[in-house]
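Q:
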Amino acid sequence: LEGKTDIKVIKDYRNEPVVSAYTPLDVDGFNWVILSEKDEAEAFLPVANFNRRIFIQTTIIVLAVTLLSMLLAGFFVNPIEKLISSARKIVGGDSSHRVDIQNKDEFGELANAFNKMVDELEGQKNTIADQSIFNEKLLINFIPASLAERLKKGERNFADEYQNVSLIVIDIVGFSQLTAQQGAAASVQKLNELVVAFDDAAEHNYIEKIKNWGCDYFRRQT
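Counting in our numbering, the sequence shown runs from 58 upward without gaps.
Below, the structure written as structure tokens:
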């Protein structure tokens, strides 16, 4: 009636909150007022429902994103952890270990490259071991086994004294003529047989062989 227009939340005659909208209404000289009221809970129910839906949808999205992140993290992290674990085992000396990653992506290619590298390392390791055995056998043909063992342990200076020593020298006479008559293969085969027999006799009688000499290359057949 004072000419004001407004919308506000007030308490009605029931002492309940309502949304009240009012404004003057001048109709043919009559000084009237139009007033509309609605319970606050009913008026804002669509807003409350909307907020509830937004909250539920947001919760679902957060859970879905979290679950997807965990799955993706496992997808990316698990192959890396396998590679790290395999690398540690290789460093620890387990050269037989291989990475088991069946992915058809970059991780699978990386695992295949890692396994190939380990295979190459294993092959090089076996080659070095075979070469070491061959070198050891070749070394024993030129120096006594006891000296070879001391060399392997890092000893470089040898000075041993013996009070009584007997020296046996075996000379094969006419080996060059034998080679010319029977050929290199047959004569070397006979030479090998002789040296093996001498070595067995020396070992049986506790004699230490010092050296084989007289040819450019000799390899004992075992």
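Even glycine gets a Cβ: it sits at the ideal position worked out from N, Cα and C.
1. Would you check if the distance between the CB atom of Ala105 and the CB atom of Val76 is smaller than 8 Å?
2. Mapping the DSSP letters down to three states, classify Asp66 as helix, strand or coil.
3. Pick out the complete beta strand (DSSP E) segments inside the region 85-146, 3 residues or longer, and give them in chain order.
4. In whole angstroms, what is the alpha-carbon distance linking Gly165 and Ser143?
5. Between which two residues does the alpha helix (DSSP H) containing Phe232 stretch?
6. Mind reading off the beta-carbon distance from Ala168 to Leu195? Whole number of angstroms is fine, and I expect it under 8 Å.
7. If the criterion is Cβ atoms closer than 8 Å, does the pair Val175 and Arg155 meet it?
8. Contact check, Phe255 vs Ile227 under 8 Å by CB: the rounded distance?
9. Output yes if chain C places a C-beta closer than 8 Å to the C-beta of Leu248; else output no.
10. Please check the pair Ile225 and Ile264, which I expect to be a contact at CB under 8 Å, by giving their CB distance rounded to whole angstroms.
A: Answer, in terms of the structure:
1. no
2. It should be pointed out that residue 66 corresponds to Val in this sequence rather than to Asp. In this structure, Val66 counts as strand in the three-state DSSP scheme.
3. 87-96
4. 14 Å
5. 232-239
6. 40 Å between Cβ atoms; not a contact.
7. If you check the CB distance, Val175 and Arg155 come in under 8 Å.
8. 6 Å
9. Among the protein chains of the structure shown there is no chain C, as only one such chain exists.
10. 7 Å
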